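Enquirer:
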Amino acid sequence: MMISEKILSELERLHVNFCIDYELKNSCTFRVGGKCALALFPCDESCLALCVSLLDSYGVPLHIVGKGSNTLFFDGFIDKAFVFTSNVNQINVSDTLLSCGAGVGLVSLAAKACDMGLEGLEFACGIPGSIGGAVFMNAGAHGGAMENIVVSTRAYSRKQKRTVTITDNMFGYRDSIYKNNSDLVCLGADILLSRGEPQQIRVKMRELLDQRKSKQPIEYPSAGSYFKRPEGDFAGRLIETCGLKGMKMGGAEVSQKHAGFIINTGNATFNDIVTLERIVVDSVYEKTGVLLKREVEIVE
Ligand SMILES: Cc1cc2nc3c(=O)[nH]c(=O)nc-3n(C[C@H](O)[C@H](O)[C@H](O)COP(=O)(O)OP(=O)(O)OC[C@H]3O[C@@H](n4cnc5c(N)ncnc54)[C@H](O)[C@@H]3O)c2cc1C
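Take 18 as the starting number for the sequence shown in the numbering used here and just add one per residue.
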């Protein structure tokens, strides 16, 4: 695909920040990735919708990136336009309702909610994603999930070429309307919290973060739990019983601390990670009959 001069001059005319041949490695928590043809950095929700509609009108394949914390990028050239939501980070507060742009970070939002004495986001204080990515995945932890706090989302419908409000986001386990519908790009979400006591919220968040620190290899780059939780069991437990904890492939490793995580020990390649994934999936299936499914999104 060639990025035409016409698109670039259109982006300049619209004052959209962009970069050609953009390096992806530092835009994801796995710290793996090559370059993409074009990266766009819209500054707010309407600019995000505009970028998507512009790329669509030129037939340019695109991928949306939040914080890249649930994504593994191919480490060769990716011939697509990547739209980063990081600057779509506006927050409007109205009593206990937070209207957030898709690029607002969950960790900082949880801290802000705590300072304002708003409870309900504690579960998210250690999830390094964006609102858009968390809605897409219905991110959750410690018994909480996005589905419990999101009242509605704003989306750009690529088919209808307009912005729509979605009240039924069809949330399921790590699932939502966005995951099953590439027509929709999440522009932002309205999140309803309740009044609480800042000090109690802070203590709760600290407890949850301490639990995470003791159980998860957060000192290494990764994309969190690599596999979905199989029905009635845990991926980490199954992987451990199959003797795969600590298994290495190049720079990728099944974490010694939590076997459900594949970590980058420093110089892992895309291939190291997907090869290790295949070995884990095959051995777990052979030994237990359970077919593990990947939770991490691969973009190539
Ligand atoms: C250390 C660590 C711990 C983690 N712990 C948890 C946990 O406890 N619970 C949990 O659920 N997850 C966890 N994760 C995974 C991850 O943080 C979540 O899935 C998070 O919600 C992903 O958000 P993101 O912005 O990083 O998404 P990205 O990785 O940027 O994107 C994920 C997918 O969402 C799509 N997407 C992103 N933004 C939009 C948008 N605006 N519109 C449409 N599609 C969009 C992308 O195209 C991609 O397909 C963890 C990850 C790490 C690294």
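Think of the CB as a built atom: it goes at the ideal place given N, C-alpha and C, for glycine as much as any other residue. On a predicted model such as this, the values are computed, not experimentally measured, just so you know.
For R295, name the three-state secondary structure that DSSP assigns.
Expert: Of the three classes helix, strand and coil, the one that applies to R295 here is helix, per DSSP.
Enquirer: Do T180 and S147 come within 8 angstroms of each other at the CB atom, strictly closer than that value?
Expert: Cβ atoms of S147 and T180: not closer than 8 angstroms.
Enquirer: Determine the direct distance from the alpha carbon of G76 to that of A281, and round the result to whole angstroms.
Expert: Going by the sequence as given, residue 281 is Asn instead of Ala. Their backbone Cα atoms lie some 35 angstroms apart in a straight line.
Enquirer: Would you report the Cα separation of G50 and T184, rounded to the nearest angstrom?
Expert: Distance between the alpha carbons of G50 and T184 is about 35 angstroms.
Enquirer: Straight-line CA distance for K274 to K265?
Expert: So the alpha carbons of these two residues sit roughly 14 angstroms apart.
Enquirer: What residue does the alpha helix (DSSP H) around T258 start on, and which one ends it?
Expert: 252-258 is the span of the alpha helix (DSSP H), which, as asked, contains T258.
Enquirer: Any chance the region 67-86 sits against the region 303-310, with 3 or more Cβ pairs inside 8 angstroms?
Expert: With a cut-off of 8 angstroms, the region 303-310 and the region 67-86 do not count as touching, because too few Cβ pairs lie within range.
Enquirer: Quick one: using the 10 Å Cβ neighbour count with 16 as the cut-off for buried, is Q177 buried or exposed?
Expert: With fewer than 16 other Cβ atoms within 10 Å, it is exposed.
Enquirer: Among the candidates V202, N87, I24, N43, whose CA atom is the shortest distance from the CA of Y243?
Expert: Ranking the options by Cα distance to Y243, first place goes to N87.
Enquirer: Quick check: is any heavy atom of ligand 1 less than 7 angstroms from the C-beta of C203?
Expert: Yes; taking the cut-off as 7 angstroms, the Cβ of C203 has a heavy atom of ligand 1 nearer than that.
Enquirer: Residues in the same chain with beta-carbon distance under 6 angstroms from E40, minus the five sequence neighbours each way, listed in chain order, please.
Expert: K52, listed in sequence order.
Enquirer: Measuring only from the beta carbon, is E314 closer than 7 angstroms to any heavy atom that is part of ligand 1?
Expert: Yes, ligand 1 has a heavy atom inside 7 angstroms of this Cβ.
Enquirer: So what does DSSP say about Y302, is it helix, strand or coil?
Expert: Of the three classes helix, strand and coil, the one that applies to Y302 here is helix, per DSSP.
Enquirer: May I have the straight-line CA-CA distance separating V307 from L293, to the nearest angstrom?
Expert: Distance between the alpha carbons of V307 and L293: 17 angstroms.
Enquirer: Using the rule of at least 16 other Cβ atoms within 10 Å of the residue's Cβ for burial, across every protein chain shown, is P78 buried or exposed?
Expert: So P78 counts as exposed.
Enquirer: Express the C-alpha separation of E22 and R30 in angstroms, rounding to a whole number.
Expert: Between R30 and E22, the C-alpha separation is close to 12 angstroms.
Enquirer: What does M266 pair with, by DSSP beta-bridge criteria?
Expert: Its beta-bridge partners are A269.
Enquirer: Would V82 pass as a contact of S26 if the rule is Cβ separation under 8 angstroms?
Expert: In this structure, S26 does not lie closer than 8 angstroms to V82 by Cβ.
Enquirer: In angstroms, rounded to a whole number, what distance separates the CA positions of I95 and L55?
Expert: Between I95 and L55, the C-alpha separation is close to 9 angstroms.
Enquirer: In terms of alpha-carbon separation, which member of K84, F251, N155, R212 lies closest to F99?
Expert: Nearest C-alpha to F99: K84.
Enquirer: How big is the Cα-Cα spacing for E159 and L225?
Expert: It is His, not Glu, that sits at residue 159 in the sequence shown. So the alpha carbons of these two residues sit roughly 8 angstroms apart.
Enquirer: On a Cα-Cα basis, can you pick out the residue from P59, N155, I20, E236 that is closest to N104?
Expert: With distances taken between Cα atoms, N104 lies closest to P59.
Enquirer: Among residues of its own chain, excluding the 5 on either side of G253, which ones have a beta-carbon nearer than 8 angstroms to its beta-carbon?
Expert: Hits under 8 angstroms: S242, H275, A276, G277, F278.
Enquirer: Alpha carbon to alpha carbon, how far is V168 from N186? Give it in angstroms, no decimals.
Expert: C-alpha separation (whole angstroms): 9 angstroms.
Enquirer: Around the Cβ of Q228, are there at least 16 other Cβ atoms within 10 angstroms (buried) or fewer (exposed)?
Expert: Flag for Q228 reads exposed.
Enquirer: Could you round the C-beta distance between L126 and I166 to whole angstroms and report it? I think they count as a contact, below 8 angstroms.
Expert: That belief does not hold up - the Cβ atoms of L126 and I166 are roughly 10 angstroms apart, past 8 angstroms.
Enquirer: Do T170 and A128 have their beta-carbon atoms positioned less than 8 angstroms apart in this structure?
Expert: Not closer than 8 angstroms, so no.
Enquirer: Name the one or two DSSP bridge partners that V316 has.
Expert: According to DSSP, which records beta bridges pairwise, V316 is partnered with F90.
Enquirer: Return the Cβ separation of V316 and F90 in integer angstroms, given the expectation that the two are a contact with Cβ distance under 8 angstroms.
Expert: With 8 angstroms as the limit, V316 and F90 qualify as a contact, their Cβ atoms being about 5 angstroms apart.
Enquirer: With DSSP as the reference, identify every bridge partner of Y195, one or two as the case may be.
Expert: Partner(s): none; Y195 has no beta bridge.
Enquirer: Using the C-alpha atoms, what's the distance from A162 back to T113?
Expert: The straight-line gap from Cα to Cα measures roughly 18 angstroms.
Enquirer: For a test of your reading of the model: does the CB of F91 fall under 7 angstroms from any non-hydrogen atom of ligand 1? Yes or no.
Expert: No.
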